[in-house]
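Working notes, structure below.
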Amino acid sequence: MEIKLNLGVEAPSLADVVVMGTFCKTETKKSKEVKVATLAGWPKACKDSFLALGVSKDFTGDKGSQVTFDWEGQRVLVVGLGNKSDYDLEAARRTAAGIINGLKISTEKIAIAMDNFIAKGSLENTCAAFTEGLYMAAYEFDKYLSVKKINKTKTIIFDSKAKKSGAKKVQQAIHDAKVVADSINVARDFVNEPPNVLNSETYAKEVLKDVKHIKGVKSVVLGKAELKKHKMGMFLSVNAGSAFQPQLVHLTYTPSKATKNTKHIAFVGKGLTFDTGGYSLKPGASMVNMKFDMAGSATVYGAFRAIAMLGLPVKVSCFLGMTDNAVNSLATLPDSIVTAKNGKTVEILNTDAEGRLVLGDVLTYASEHKPDAIIDAATLTGAVLVALGTEVCGLMGNDKKLLDSLKKAAAHTDEYIWELPIMKEWRDDMKSNIADLKNIGSNRWAGTPKAAAFLENFVGKGIPWAHLDIAGCGEAQAHLPYCPSKGASGLMVRTLVEMVKATK
Ligand code: BES
Ligand code: MG
Ligand code: ZN
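Numbering of the sequence shown is given in numbering that gives the first Met the number 0, commencing with residue 0 and proceeding in unit increments.
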């Protein structure tokens, strides 16, 4: 699917479908309040033919409503945008997704009258939001379906009266948004892949294959022997029952004009290709879908990929801790005590609290590379769903400035994020009587920040760190038309990219 920008035009381009937008306003008619579609900015002839039709009377331009009609042999799709005052870039993104969701089966060429859809007065930002919405909504995971979900849409034209001289900037915004959306879709593909296909070894290989052609990126993979050398006792304990090698994929992107002042951000991701719970086995119903337990790693990888492809002027390292949490006679038994890479001893009271064991060692390893900040993403706790629902990403950490920069980035990308505190009492609760730490708290309360209180022990001294618990928001988002109704959401990739963009 390709987006073409067509500036300096009055009439919409010829296409299988032309898409027009209209706001809705309330008028008083015969002392009654009625809603009407404004049809503002429409070519007069088009407006007249629409108003001459019976269907126009019932169409009020309500948010999300759609109607089609024929105008001079051209099929026109009219999209309602609701109240003008409520229409922002997120509304534009959702509107674009609504267009593709309605048309992707049957339409090869779509022309969109962009001037009808301008949010916040910016053609450039609106085109970027539309590009995100269109590509994110066009995503299908259909590789295992015998009958594919054919998406016929090949070309989308953004028509606008805006001067041709502004084309370069708008074109760049469309290109950048496409890079990010493509990376989101790559991340979604990894998450949706079933666990009999995607294990730590195949996952690491696929990441290396994908990252190979990106300029400025170097990659190293640490296997079991290297993890032993690095004394990653926690990571190895999770892998103990696995048929596959643990893999720590370490990617580094160095911008072309890097100097000694170039900022260095490290991403860390939980890459559990399947979480059975280990000997603390999950009940059958809770185990279903645990292929998604590598979504944290896919999220940070997606962001890393986009950042490198955009050539942003920040050095970014990406550490992906991959293994499954499986059971065999060698799998870690509850009550085991292991030694982490940083020397701390950990009593494993529940083998299902495995993500923090993998992440802990990877956080220590990342810290050794002396980044200016570390951000990890993980499907770490079921408790985050209780606290924040399926829509909101849990945010925790040790540095106000870093947390604020993530909140600001999320506000910019319209993704939901909410900070949870890490209290001293919860840090104390993660201490064990017979080891330095235990891997679960003593009761089920505050499960999400207690996991963060555990992770905090493995972040190098003085390094600002933030933790994203995406166990809720990593999955399907029923309220978002640009996320699939089932499977990986791809949320938080845009926020991480935005946060790095804003890093000075
Ligand atoms: N991968 C799970 C967290 C999870 C649960 C993600 C549900 C998505 C949906 C994690 O490894 C886990 O099992 N956590 C336990 C921790 C507990 C044993 C302290 C949990 O949340 O129950
Ligand atoms: Mg678990
Ligand atoms: Zn897990």
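Where is the CB? At the ideal position from N, CA and C, for every residue including glycine.
CB of residue i within 7 angstroms of CB of residue j, strictly
i: V8; j: D158; result: yes
i: L436; j: M429; result: yes
i: F457; j: T363; result: yes
i: G486; j: A382; result: no
i: T251; j: K204; result: no
i: M498; j: L394; result: no
i: A239; j: E346; result: no
i: S199; j: F243; result: yes
i: D209; j: G276; result: no
i: L80; j: V16; result: no
i: D398; j: P480; result: no
i: Q246; j: M321; result: yes
i: V496; j: I306; result: yes
i: V361; j: V267; result: yes
i: D87; j: A118; result: yes
i: M308; j: V178; result: yes
i: N349; j: S279; result: yes
i: W417; j: P448; result: no
Beta-bridge partners of residue i, as assigned by DSSP
i: K217; result: T251
i: H466; result: D375, M395
i: G268; result: L319, A376
i: L102; result: Per DSSP, none; premise fails for L102.
i: W417; result: G393
i: C482; result: Note: C482 sits in no beta bridge, so no partner.
i: V6; result: It should be noted that the sequence gives Leu, not Val, for residue 6. In DSSP, L6 forms a bridge with S159.
i: S145; result: S145 is not bridged to any residue.
i: L358; result: For L358, which the question treats as bridged, DSSP gives no partner whatsoever.
i: H263; result: K314
i: G79; result: T21
i: L309; result: Looking at the DSSP assignment, L309 forms no beta bridge with any residue, so it has no partner.
i: I347; result: S335
Closest by C-alpha distance to residue i, when choosing among the options
i: K3; options: L133, A257, K148; result: L133
i: S64; options: V492, F22, S30, R74; result: F22
i: A137; options: E123, R93, A294; result: R93
i: T338; options: L387, K230, G388, L401; result: K230
i: N432; options: P245, D334, F266, R304; result: D334
i: L221; options: D188, L235, H212; result: L235
i: L102; options: F129, Y300, N150; result: N150
i: F273; options: K400, V287, L454, E107; result: V287
i: D375; options: V299, K423, E353, E390; result: V299
i: A302; options: F318, K259, D57, K290; result: F318
i: I111; options: I156, L329, A475, G165; result: I156
i: T389; options: A365, L401, E414; result: E414
i: A410; options: K163, A294, V237, R493; result: R493
i: G461; options: K148, R355, F266, I373; result: I373
i: C392; options: S145, G165, G320, G489; result: G489
i: G53; options: A39, F68, K62; result: F68
i: S105; options: K43, A14, K142; result: A14
i: F453; options: K423, A408, V326, G270; result: K423
i: T25; options: E1, G60, G40, N5; result: G60
Cβ distance (whole Å) where residue i is taken to contact residue j below 8 angstroms
i: A128; j: A91; result: 4 angstroms
i: K160; j: D114; result: 6 angstroms
i: A176; j: E123; result: Wrong, their Cβ atoms sit about 10 angstroms apart, outside the cutoff.
i: L387; j: M233; result: So it is not a contact: roughly 26 angstroms between Cβ atoms.
i: D323; j: P194; result: 7 angstroms
i: A450; j: L401; result: About 18 angstroms separates the two Cβ atoms, so there is no contact after all.
i: S328; j: H368; result: Not confirmed; about 36 angstroms, so no contact.
Contact with chain D by residue i, beta-carbon distance below 7 angstroms
i: V16; result: No chain D appears in the structure shown, which is made up of a single protein chain.
Inset, instruction - Specify whether the stretch 463-475 and the stretch 375-389 touch according to this definition: at least 3 beta carbon pairs, one from each stretch, less than 8 angstroms apart. - result: Judged by Cβ distances under 8 angstroms, the stretch 463-475 makes contact with the stretch 375-389, as three or more pairs qualify.
Legend entry - Validate contact between the stretch 252-260 and the stretch 297-315 using beta carbons, cut 8 angstroms, 3 pairs: The answer is yes - the stretch 297-315 touches the stretch 252-260, with three or more Cβ pairs under 8 angstroms.
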